[in-house]
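Engineer: Be aware that the sequence shown starts at 76, since it is given in this note's numbering, and climbs by one per residue. Note that CB positions come from ideal geometry on N, CA and C, so glycine has one too. Before anything else, here's the structure in question.
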Amino acid sequence: MAAAEGLRVRDVTVRFGPLTAVDGAGLTAPPGTVTGLVGPSGAGKTTLCDVITGLRRPAAGAVLLDDADLTRSAARERARRGIARTFQRAGAAGPATVREAVRAAAARHAMTGEQPGRTARDRWRRRLEARRDAGASADALLARVGIQEYAERPVRDAPPGVAGLMDLARALATEPAVLVLDEPWAGLPVRHARALEVLLRDLAGEGLAVLVVEDEIEPVLGVCDVLHVLDDGRVIAAGPPAEVRADPRVRDAYRAGPRVTTCRSTGGAGRRVAGRRPAPR
Ligand SMILES: Nc1ncnc2c1ncn2[C@@H]1O[C@H](COP(=O)(O)OP(=O)(O)OP(=O)(O)O)[C@@H](O)[C@H]1O
């Protein structure tokens, strides 16, 4: 069997009408590694994550996981193969508690994920056991991401940072091989932010390929092994975080000032101006 190579994204291009949001971008996120993807607002990071997770079909390029080409696979198939994701605006509506939301993810995974076993009967028995244990799994995951004290709160009342960690717990409930985290530090109090850094390192230590996406370089500087910088849809630098931060092209990209982009909320008809970003210090 081929060695696990993790996630490989090659030459991806996405267009929205006349706008090229992602322009031949590529990156790798190997197992056992925290990989960073940063770039000024509007650079194309979320669109690239959508391509990785199967929510958007690219005009060109490929997404590979180990030796499988997933470019044409549906989002559900990618999730089944172990690609999990959290979103920028996390959380869910409805009356469910934080614990119930995580338990439901664990129960769903118990019934749909791969289970070891020699016979179909063995595998079915394991599924039922895993579903029965989903509550205990949820409690362990909530403790792992550090939000057990919010377990009985309705999801809709969870502060944004807690909702993000709940989404992370739900993603971990699927026992992923690749974890794509879109702005995971948004809204997190300092205590949780530091704990998240440690958790991401631990997850990589357990063999996961972690891809963490942020606008700014600073939040990911201490946690990533490799950093990619996206600007105007192109990867302009990749390598060790400190070297990438010092790269003049990266400093220029962050200094470039407001970026005029096509506005999502108007279906591409309007324009918006992204805020000025401070250059990395
Ligand atoms: N559905 C869409 N229709 C039209 N334009 C879009 C759509 N989605 C994204 N865009 C545009 O594509 C470009 C890249 O957007 P994207 O959200 O991927 O950037 P980003 O780097 O994730 O930005 P942010 O950090 O602000 O989320 C932007 O110009 C954006 O306005």
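1) Using C-beta distances below 6 Å, list every residue in its chain close to H303, excluding the 5 sequence neighbours before and after it, in chain order.
2) Here's the rule I'm using: 16 or more other beta-carbon atoms within 10 Å means buried, otherwise exposed. How should D277 be labelled?
3) Of the residues D141, A185, V89, A268, which one's Cα is nearest the Cα of R200?
4) Let me make sure I understand the geometry here. Which of R330, G107, E293, A154 has the alpha-carbon closest to that of A317?
5) What is the rounded straight-line gap between the Cα of P235 and the Cα of L256?
6) Note down, in chain order, each residue of its chain lying with its Cβ closer than 6 Å to the Cβ of A114, except the 5 sequence neighbours on either side.
7) Kindly indicate which three-state DSSP category R85 falls into: helix, strand or coil?
8) Taking the straight line between their C-alpha atoms, what separation do you get for L263 and G117?
9) Would you say the beta carbon of L302 is closer than 7 Å to some non-hydrogen atom of ligand 1?
10) In the DSSP assignment, find the alpha helix (DSSP H) that holds D232 and state where it starts and stops.
11) Count the CB pairs spanning the stretch 137-154 and the stretch 82-93 that are closer than 8 Å, and state whether there are at least three.
12) Hey, out of M241, R269, A248, L240, whose CA is closest to A211's CA?
13) If you measure between the beta carbons of T110 and L217, is that distance less than 8 Å?
14) Rounded to a whole number of angstroms, what is the C-alpha to C-alpha distance between R320 and Y225?
15) If I measure Cβ to Cβ from R160 and keep anything under 6 Å in the same chain, skipping five residues before and after, which residues do I get?
16) Comparing C-alpha positions only, which one of A150, D144, P251 sits nearest to C124?
17) Report the rounded CA-to-CA distance for T88 versus A100, giving the unit in angstroms.
18) Comparing C-alpha positions only, which one of A213, R132, P93 sits nearest to D178?
19) Would DSSP call T172 helix, strand or coil?
20) Work out the CA separation of E291 and D242 for me, nearest whole Å.
21) Which runs of the alpha helix (DSSP H) spanning at least 4 residues fall entirely within the stretch 209-278, listed in chain order?
22) Between V253 and A238, what straight-line distance do the alpha-carbon atoms span, to the nearest angstrom?
23) Taking the runs of the beta strand (DSSP E) that are 3 residues or longer, which of them lie wholly in the stretch 101-139?
Structural biologist: Looking at the atomic coordinates:
1) For this step, residue 303 is matched to residue 228 along the sequence shown. Closer than 6 Å at Cβ, skipping near neighbours: L102, L112, V310, A313.
2) One-based indexing of the sequence shown puts residue 277 at position 202. Exposed, because fewer than 16 other Cβ atoms sit within 10 Å of the Cβ of D277.
3) Translated into the one-based positions of the sequence shown, residue 200 becomes position 125. Out of D141, A185, V89, A268, A185 has the C-alpha closest to the C-alpha of R200.
4) Residue mapping note: residue 317 aligns to position 242 of the sequence shown, counting from 1. Comparing Cα positions, the closest option is E293.
5) In the sequence shown, residue 235 corresponds to position 160, counting from 1. In the sequence shown, residue 256 corresponds to position 181, counting from 1. P235 and L256: Cα-Cα distance of roughly 15 Å.
6) In the sequence shown, counting from the first residue as 1, residue 114 sits at position 39. The displayed chain sequence assigns Gly, not Ala, to residue 114. Same-chain partners within the cutoff: K120, V304, L305, D306.
7) Numbered from its first residue, the sequence shown carries residue 85 at position 10. R85: strand per DSSP, three-state reduction.
8) In the sequence shown, the residue the question calls residue 263 occupies position 188. In the sequence shown, the residue the question calls residue 117 occupies position 42. Those two C-alpha atoms are separated by around 22 Å.
9) Here residue 302 refers to the residue found at position 227 of the sequence shown. Incorrect: L302 has no Cβ contact closer than 7 Å to ligand 1.
10) Translated into positions along the sequence shown, residue 232 becomes position 157. Note, D232: premise wrong, no alpha helix (DSSP H); not H, not E.
11) yes
12) Within the sequence shown, numbered from 1, the residue matching residue 211 stands at position 136. With distances taken between Cα atoms, A211 lies closest to A248.
13) Within the sequence shown, residue 110 is the residue found at index 35, counting from 1. Within the sequence shown, residue 217 is the residue found at index 142, counting from 1. No.
14) Here the question's residue 320 lines up with position 245 in the sequence shown. Here the question's residue 225 lines up with position 150 in the sequence shown. Near 36 Å, if we compare the C-alpha coordinates of Y225 and R320.
15) In the sequence shown, counting from the first residue as 1, residue 160 sits at position 85. Cβ neighbours of R160 beyond the five flanking positions: T128, V255.
16) For the purposes of this step, residue 124 is taken as residue 49 along the sequence shown, with counting starting at 1. Comparing Cα-Cα distances from C124 to each of A150, D144, P251, the minimum goes to A150.
17) In the sequence shown, residue 88 corresponds to position 13, counting from 1. In the sequence shown, residue 100 corresponds to position 25, counting from 1. So the alpha carbons of these two residues sit roughly 7 Å apart.
18) Position 103 of the sequence shown, counted from the start, is the residue given in the question as residue 178. Looking at the sequence provided, one finds Arg at residue 178 rather than Asp. Here the closest residue by C-alpha is A213.
19) Taking the sequence shown and counting its residues from 1, the one referred to as residue 172 is at position 97. Three-state DSSP puts T172 in a strand.
20) On the sequence shown, residue 242 is found 167 positions in, with the first residue counted as 1. On the sequence shown, residue 291 is found 216 positions in, with the first residue counted as 1. Their Cα atoms are separated by approximately 21 Å.
21) 209-220, 235-247
22) Your numbering for residue 253 matches position 178 in the sequence shown. Your numbering for residue 238 matches position 163 in the sequence shown. When rounded, the distance between both Cα atoms is 20 Å.
23) 108-113
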